[in-house]
Amino acid sequence: MAYVDGFILAVPKDNIEAYKKLARLGEEVWKAHGALAYVECIGDDVPYGETTSFPRAVQAKEDEVVIFSWIVYESREHRDTVNAKAMADPRMNVGWETMPFDGKRMIFGGFQTFLGL
């Protein structure tokens, strides 16, 4: 079964275009190194829940939108290989200190699929 890296983050609305540019670069690099799919979604119907929610999870502020994204690989081993190549790719020297979002509030993790894909 496939392996998936998932991400949730909050991006200031004023930085959406800068984030989209970075995401397009990420897609180009990860797919060039073997990722099977690279998906980025911008929150459209993501209410702030009373106890839990996507916005609460990333401490989204009123001027931020939640991004939900994932990358699909053949396996965890394939993910590790693709990630190593992608992070070593010179195209990824994009000035991480000026990211269009607060990386400290990003949630990410790797998931083994058991249904679908």
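Heads up: the sequence shown runs through residues 515 to 631, numbered per my numbering.
Each residue gets a CB set at the ideal place from its N, CA and C atoms; glycine is no exception.
In this text, all values refer to a predicted model and were calculated from it rather than measured experimentally.
Distance between beta carbons of residue j and residue i, contact taken as under 8 Å
i	j	result
Ile581	Ile556	6 Å
Val608	Leu539	7 Å
Val525	Val560	Wrong, their Cβ atoms sit about 12 Å apart, outside the cutoff.
Candidates the options: closest to residue i by CA position
i	options	result
Asp528	Val572, Phe615 and Ala598	Phe615
Arg605	Met613, Val543 and Ile530	Val543
Ile522	Ser589, Asn607 and Ile585	Ile585
Arg590	Val579, Glu531, Ala524 and Phe625	Phe625
His592	Ile530, Lys545, Pro526 and Lys618	Lys545
Gly623	Ser583, Tyr533 and Met613	Ser583
Ile530	Met601, Asp577 and Glu588	Asp577
Ala532	Lys599, Lys618, Arg619 and Thr612	Thr612
Short CB-CB distance (under 8 Å) between residue i and chain D
i	result
Cys555	Looking for chain D here will not work: only one protein chain is present.
Delimiting residues of the alpha helix (DSSP H) encompassing residue i
i	result
Asn520	Strictly speaking, residue 520 in this sequence is Gly, with Asn absent from that position. From DSSP, Gly520 is part of no alpha helix (DSSP H) but of the beta strand (DSSP E) over Tyr517 to Pro526.
Glu542	Ile530 to Ala546
Asn568	This sequence places Phe at residue 568; Asn is not what is there. Per DSSP, Phe568 belongs to the alpha helix (DSSP H) from Phe568 to Ala571.
Asp594	Arg590 to Ala602
Residue interval of the beta strand (DSSP E) (run including residue i)
i	result
Ala551	Ala551 to Ile556
Glu578	Glu578 to Tyr587
Touching by the beta-carbon criterion (3+ pairs, under 8 Å), the segment 624-631 and the segment 515-531: yes
Stretch pair the segment 534-552 + the segment 563-571: three plus CB contacts closer than 8 Å: Flag = no, the segment 534-552 and the segment 563-571 do not touch.
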